[in-house]
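Report on the following structure.
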Amino acid sequence: MRLILLGAPGAGKGTQANFIKEKYNIPQISTGDMLRAAIKAGTEMGLAAKKVMDAGQLVSDDIIIGLVKERLKECDCENGYLFDGFPRTIAQADAMKEAGVKVDYVLEIAVPDEAIIERMSGRRSHPASGRVYHVKFNPPKVDGKDDVTGEDLVQRDDDKAETVKKRLDVYHNQTEVLLGYYNNWAQSGDAAAPKYRKIEGIGAVEEIRDRAFAALSN
Numbered sequence: 025m026r027l028i029l030l031g032a033p034g035a036g037k038g039t040q041a042n043f044i045k046e047k048y049n050i051p052q053i054s055t056g057d058m059l060r061a062a063i064k065a066g067t068e069m070g071l072a073a074k075k076v077m078d079a080g081q082l083v084s085d086d087i088i089i090g091l092v093k094e095r096l097k098e099c100d101c102e103n104g105y106l107f108d109g110f111p112r113t114i115a116q117a118d119a120m121k122e123a124g125v126k127v128d129y130v131l132e133i134a135v136p137d138e139a140i141i142e143r144m145s146g147r148r149s150h151p152a153s154g155r156v157y158h159v160k161f162n163p164p165k166v167d168g169k170d171d172v173t174g175e176d177l178v179q180r181d182d183d184k185a186e187t188v189k190k191r192l193d194v195y196h197n198q199t200e201v202l203l204g205y206y207n208n209w210a211q212s213g214d215a216a217a218p219k220y221r222k223i224e225g226i227g228a229v230e231e232i233r234d235r236a237f238a239a240l241s242n
């Protein structure tokens, strides 16, 4: 199973990625993790990336694709792999295609913006323990207080409605074009094209999981 997971921030990709990884026994590959590992290991690509990052610049697509190809040679990728948060742009998708990185499926988890804003802006957390609540879906027993300690719950800056809206704007402007890119490729008749599947990301976590597994089995 070689898979790209697409969807807006807050669509539940991370949760579903865990189910998919376990079912197919494949690693989740995120560019952030890959960069950190390559830099730590001191590989040629890692050193090149470190030099760029130390200069405060963005790591080029060439370096990222080089890291991806290096990562896919590792033995845990024998059964396949799951890309999370990559590719982010058409240029990266083109570079993957040119590099011959094989993908079986592109799975889109679709959730309307309003639902994502409600989902994320309703989160409240207890910083000391990491316990997370939701004002609507998983409220604490006492409003604004942790169930165990009674201490105040906080809303993280990342979860504030205005921050979530900004992240969604970036997604719509930069990454959403990939949905059309992969959909068109899938319909082109090209034998190398991955299958494109779209599922609704609303409902119970288990329902969405079952939709994902069903989409990846046909």
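Numbering-wise (the numbering used here), the sequence shown opens with residue 25 and increments by one.
Using N, Cα and C, we set each Cβ at its ideal position, and we do this for glycine too.
For the set Ile89, Asp128 and Glu98, the Cα lying nearest the Cα of arginine 112 is the one of Ile89.
DSSP places arginine 155 in the uninterrupted beta strand (DSSP E) bounded by 155-158.
Excluding sequence positions up to five before and after methionine 58, its CB lies within less than 6 Å of the CB of Leu91 and Arg95, all in the same chain and listed in chain order. If you look at arginine 112, you'll find it isn't in any beta strand (DSSP E); DSSP assigns it neither H nor E.
Taking all protein chains in view, the Cβ of glutamate 132 is crowded by 16 or more other Cβ atoms within 10 Å, so the residue is classified as buried. The C-alpha of alanine 32 is placed about 29 Å away from the C-alpha of glutamate 98. Residue range 55-65 is occupied by the alpha helix (DSSP H) that includes isoleucine 63. Taking C-beta separations shorter than 8 Å and ignoring five residues to either side along the sequence, the partners of lysine 93 in its chain run Ala123 and Val125, following chain order. Remark: fewer than three beta-carbon pairs, one from each stretch, lie closer than 8 Å, so the region 201-210 and the region 157-176 are not flagged as touching. The count of Cβ pairs closer than 8 Å, one atom from the region 104-121 and one from the region 64-84, stays below three, leaving the stretches out of contact. Contact annotation: the region 151-160 does not touch the region 36-56, with fewer than three C-beta pairs closer than 8 Å. Counting C-beta pairs with one atom in each stretch, the region 228-238 and the region 140-148 have fewer than three that are closer than 8 Å, which means they do not touch. Distance from the CA of glycine 204 to the CA of arginine 191, rounded to the nearest whole angstrom, comes to 20 Å.
Straight across, the Cα-Cα distance linking tyrosine 105 with glycine 174 is about 42 Å. One Cα belongs to lysine 169, the other to arginine 180, and the distance between them is close to 15 Å.
A distance below 8 Å separates the beta carbons of isoleucine 140 and alanine 35. Residue state for leucine 91 is assigned as helix, using DSSP reduced to three classes. Annotated three-state conformation of lysine 45 is helix, per DSSP. For the region 200-227, the full-length beta strand (DSSP E) segments reaching 3 residues or more read 219-224 along the chain.
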